[in-house]
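What follows is a set of notes on a single structure, which appears directly below.
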Amino acid sequence: MSSQVQINNKFVKAISLLCFIFGASQMILLGLLPMISEATNLNITTIIIFYGLSIFHFLLMTRVWGNLFNSLSPVTVYRVGLFGIFFSYGFLLLAFLVSSPIAAFGLFIISRIIHASTASSIVPFSQLINLRFHTKSSDGVLNTTMFLNIGRLFGLILGGVFAFNLSMSLVILMVFIIAVSLNGWERAGKGILLCEKDYKEESDEIKDKKVRFKPLFLIPLFFTLISSFYNTGITKAVSSIFEEATKQSATIYWSLTLATLCLVLIQFIIKKYKLLESYIFITFGVVSLIASFYAFTLITSITTLVAFILLFAIAAAIIPVYYMGFIYGQYVTDKKSIVASKISFYQTLGNAIGAISAGTVIKLNLDVYIIFIFSILTFFSVYMIVKNSRLKLSKAYVGVSND
């Protein structure tokens, strides 16, 4: 038994390292958007819209991978994700090395296609594995989220250090991917081969099992829509502060580094003191989210930019972990891998809508309306959680009285 636990831990560590790489690559790309605009001779809002369209491809592949988990071995899923990130950012590096804007744009598109086709498997697969090897759903979600955010912090620091030579940050990222793969390859191979039988047996059991849609699944869609809107929209906000592309990239990297550092520290505190059980702490996260809506419309300087980022970082550290743990808790009798796939689907849909709407809203100067729209989405999400909490509590009381 102890040997089996050790093997499983090795696999969890391997997939966690892959989440780390995925998070780092996400943040490096975000700061590269102004540089991609410059390399392709296209307007920044055009690049943002194409970036959003690529997320729709990512969304489609999330559903495809959800079905493939039942037929492919775990080691195959792991290696496809690893190779996919490496080659997608290899093509992106080439986009900065070619002299033709058309060729650079083509390489950017190829990079996004490879990324969406392969890396879309990483997060739902990691959640599936972590949910299997953690007793509490919230612990499994928190483990995946923490490695993603630590990776994002690494990517932001790397991008900030090499803001005036971003091609170098891509080179270092790919070298790091190779180093992690050499370490994780053996972990993944040993860990997966011994638990693969159980994994396939579980996959066969859930092939025909369905999880009905609930309005609760709209919560991850709403939050990632808001988050994606900010992540892409901040590029335009920074361009109003600085005109030079390199300064824009540097500002994006270091501002988001501060936000991610704040986010990671809060999540460490959450894990240590189990603060997700405190409604006061959760309310603080919701209030910070609502305050960030107004702060976003006031970004005219570095000071207001930092104020906005810190407010949203507090919300981003608390809210996703809580709502995912809450949703998983509603399906204690169902296979959590199905729920993980659904949550990942709606999160990716939110990312796509948020990225595209950011380009559209900014282009049409509709920023002021986001306060109203995002507030409605937030209050609806809070209402759904309160409603389902009371429903679950009332069922528990009925069960007690019947006994």
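Converting from the sequence shown to our numbering requires adding 3 to each position, the first position being numbered 1.
Glycine is no exception: its CB is placed at the ideal position from the N, C-alpha and C atoms.
About 18 Å separates the CB atoms of Leu-279 and Val-342; that is not less than 8 Å, and the two are not in contact.
DSSP places Lys-250 in the helix class (H, G or I) of the three-state scheme. For Ser-124, the closest of Phe-136, Ile-160, His-60, Gly-93 by C-alpha to C-alpha distance is His-60.
Residue environment analysis places Glu-247 among the exposed positions, since fewer than 16 neighbouring C-beta atoms fall within 10 angstroms of its C-beta. If you look at Pro-323, you'll find it in the alpha helix (DSSP H) that goes 305-332.
Between Ile-24 and Ile-181, the C-beta gap is not smaller than 8 Å, which leaves the two residues out of contact.
The continuous alpha helix (DSSP H) containing Leu-95 extends over residues 77-100. Rounded to the nearest angstrom, the gap between the Cα atoms of Arg-155 and Ala-27 is 4 Å. Sixteen is the threshold: when 16 or more other Cβ atoms of the shown chains lie within 10 Å of the Cβ of Ile-237, as they do, the residue is buried.
With a contact defined as Cβ atoms closer than 8 Å, Ile-359 and Lys-239 miss out at about 14 Å. Taking C-beta separations shorter than 8 Å and ignoring five residues to either side along the sequence, the partners of Ile-272 in its chain run Leu-278, following chain order. Listed in chain order, the non-local C-beta contacts of Leu-159 below 7 Å within the same chain comprise Met-30, Tyr-256, Leu-259, Thr-260, Thr-263, local neighbours out to five positions each way being set aside. The three-state secondary structure of Ser-243, taken from DSSP, is coil.
Counting only residues of its own chain and dropping the five nearest sequence neighbours on each side, Phe-299 has a CB closer than 6 Å to the CB of Phe-311. Straight through space, the alpha carbons of Val-178 and Asn-70 are spaced by roughly 32 Å. Comparing C-alpha distances from Gly-163 to each of Leu-131, Thr-121, Ser-252, Ile-132 shows the shortest one belongs to Ser-252. Closest in alpha carbon position to Thr-306, among Ile-244, Thr-147, Phe-348, is Ile-244. Following the DSSP letters along the chain, one finds Pro-218 in no alpha helix (DSSP H), marked with neither H nor E.
Distance from the CA atom of Gly-288 to the CA atom of Thr-381, rounded to whole angstroms, is 11 Å. The C-alpha of Phe-89 lies about 32 Å from the C-alpha of Phe-220. Restricting attention to Leu-313, Ile-18, Ser-102, the CA atom closest to the CA of Ile-293 is found in Leu-313.
Take Tyr-334, set aside five residues on each side of it, and the residues of its chain with a beta-carbon closer than 6 Å to its own are Val-342, in chain order.
When the Cα atoms are used, Gly-357 and Ser-230 turn out to be separated by approximately 7 Å.
Using a Cβ-Cβ distance cut-off of 8 Å, the segment 344-352 and the segment 47-55 are not in contact, since fewer than three pairs of beta carbons, one from each stretch, lie closer than that value. Ile-117 is a Cβ neighbour of Ser-91, given a cutoff of 8 Å. The C-alpha of Asn-146 is placed about 17 Å away from the C-alpha of Phe-157. Scanning Thr-227, Lys-16, Ile-175 for the CA closest to the CA of Gly-353 turns up Thr-227. In this structure, Tyr-326 is the residue among Thr-363, Tyr-326, Ala-355 with its C-alpha nearest to the C-alpha of Ile-388.
DSSP places Thr-300 in no alpha helix (DSSP H); its state is neither H nor E. DSSP places Asn-70 in the uninterrupted alpha helix (DSSP H) bounded by 47-71.
Non-local beta-carbon contacts of Ser-295 in its own chain, meaning distances under 7 Å to residues more than five positions away in sequence, involve Phe-311, Leu-314, Phe-315, Ala-318 in chain order.
Annotated as proximal: Tyr-331 and Val-144, with beta-carbon spacing under 8 Å. Inclusion of Phe-128 and Val-80 in the CB contact set at 8 Å is warranted, their separation being smaller than that value.
A straight-line Cα-Cα distance of about 11 Å links Thr-254 and Pro-37. Leu-110: member of the alpha helix (DSSP H) spanning 104-121, first to last residue.
Residue state for Phe-136 is assigned as coil, using DSSP reduced to three classes.
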